[in-house]
Amino acid sequence: MTDEYLFISDCHLDSEKPAISANLIEFLRERAASARCLYILGDLFEVWLGDDDPAPAHGELIETLFNLSKNTHLYFLAGNRDFLLGDDLARRAGLEIIAEPVLLNLGHQGIVLLHGDLLCTDDHDYQTFRKTVRSPKWQTDFLQKPLIERQEIAIDLRSESIASKALKKMEIMDANRDAIVSCFEKHDVEVIIHGHTHRPGIHLYPHARTRYVLGDWNPEPSYLSWRGATGFVLQDPRV
Ligand SMILES: [Mn+2]
Numbered sequence: 196m197t198d199e200y201l202f203i204s205d206c207h208l209d210s211e212k213p214a215i216s217a218n219l220i221e222f223l224r225e226r227a228a229s230a231r232c233l234y235i236l237g238d239l240f241e242v243w244l245g246d247d248d249p250a251p252a253h254g255e256l257i258e259t260l261f262n263l264s265k266n267t268h269l270y271f272l273a274g275n276r277d278f279l280l281g282d283d284l285a286r287r288a289g290l291e292i293i294a295e296p297v298l299l300n301l302g303h304q305g306i307v308l309l310h311g312d313l314l315c316t317d318d319h320d321y322q323t324f325r326k327t328v329r330s331p332k333w334q335t336d337f338l339q340k341p342l343i344e345r346q347e348i349a350i351d352l353r354s355e356s357i358a359s360k361a362l363k364k365m366e367i368m369d370a371n372r373d374a375i376v377s378c379f380e381k382h383d384v385e386v387i388i389h390g391h392t393h394r395p396g397i398h399l400y401p402h403a404r405t406r407y408v409l410g411d412w413n414p415e416p417s418y419l420s421w422r423g424a425t426g427f428v429l430q431d432p433r434v
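Just so it is clear: in the sequence shown, position 174 is 369 by my numbering, and no numbers are missing.
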């Protein structure tokens, strides 16, 4: 066991993309096994419509997570695709569900963990939608519908989302600079770690502040590592 902390997000696991699941399972078995903690910062699944979904395509992954959780502490912070991941799946996968913003100290640095969608404040339509679907009432009502009906609603929402994204300028889907700066200030931290935008990178700000953006896993793994001896290292073939 090392002092390593690992951070991933945006695997978007999907039965139609088995190579991503295979990469993640290998990462969990090989790379993450010696880490102290693994933080999954949302959009682990392309879609998660409730823990009563038998999700047979994800059986091996859930078992691999559970086995890993015996030695490595696994945290899950919801993304915009899998915010309905609940206590039942968390128990089966050995995950501890955490709610953003998550504050953490590593070395002498204060860190805040987010999925990242909250920083995309220029996308007003999305922020309105987010408020609706994150309300406990909406979630309770939705989860009471039969699974087949939830799947149909998700397909409708997905096609609307693709259509609206195609019409929006790319920059309004990225993190807003004012939202980033106010996030550093509000939480009084030196580091922000998030995913969601699928634009992996390391961004520097005044006052020795750094924002690490995790990439998606299509086609290659992307992860951030922290160790006392090395600090943060972003592993992404695009960076
Ligand atoms: Mn996302």
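Every residue, glycine too, gets a C-beta built ideally from N, C-alpha and C.
On a predicted model such as this, the values are computed, not experimentally measured, just so you know.
- Beta-bridge annotation (DSSP): Asn300 is paired with Gly305.
- Distance from the CA atom of Val384 to the CA atom of Ala288, rounded to whole angstroms, is 31 angstroms.
- Counting other Cβ atoms within 10 Å of its Cβ, Arg276 reaches 16 or more and is therefore classed as buried.
- Assignment of beta strand (DSSP E) within the stretch 228-256, counting only whole runs of 3 or more residues, yields 232-235 in chain order.
- If one requires a minimum length of 3 residues, the beta strand (DSSP E) runs lying completely within the stretch 374-401 are 386-389 and 396-400, in chain order.
- If you compare the alpha carbons of Ala285, His310, His303 and Leu244 with that of Val297, the shortest gap goes to His310.
- If you ignore the 5 residues before and after Asp369, its C-beta comes within less than 7 angstroms of the C-beta of Cys315, Thr392 and Arg394, all in its own chain and listed in chain order.
- Neighbourhood of ligand 1, defined by CB distance below 7 angstroms to any of its heavy atoms: Asp205, Gly237, Asp238, Gly274, Asn275, Arg276, His310, Gly311, Asp312, Gly390 and His391, in chain order.
- Under the three-state reduction of DSSP output, Ser330 falls in the coil class, being neither helix nor strand.
- Under the 8 angstroms Cβ criterion, the stretch 249-261 counts as touching the stretch 216-231, having at least three qualifying pairs.
- Residues Gln304, Ile306 and Thr405 of the same chain have their beta carbon placed closer than 6 angstroms to that of Val386, with the five preceding and five following residues left out of the count.
- His253 is classed as buried because its beta carbon has at least 16 other beta carbons within 10 Å across all chains shown.
- Just so you know, the alpha carbons of Glu291 and Lys360 end up roughly 32 angstroms apart.
- Within the same chain, Cβ atoms closer than 6 angstroms to the Cβ of Thr197 are found at Ser229, the five residues on either side in sequence being excluded.
- DSSP places Ser420 in the uninterrupted beta strand (DSSP E) bounded by Tyr418 to Arg422.
- Non-local C-beta neighbours of Ile357 in its own chain, meaning closer than 6 angstroms and more than five positions away in sequence, are absent.
- The continuous alpha helix (DSSP H) containing Ile357 extends over residues Leu342 to Leu362.
- For Arg406, the enclosing beta strand (DSSP E) covers residues Arg404 to Val408.
- For Glu291, the secondary structure class from DSSP, reduced to helix, strand or coil, is strand.
- Contact between Ile235 and Leu279 is ruled out by a C-beta separation of about 15 angstroms, above the 8 angstroms threshold.
- Looking at the backbone, the Cα of Asn371 and that of Asp312 are separated by about 10 angstroms.
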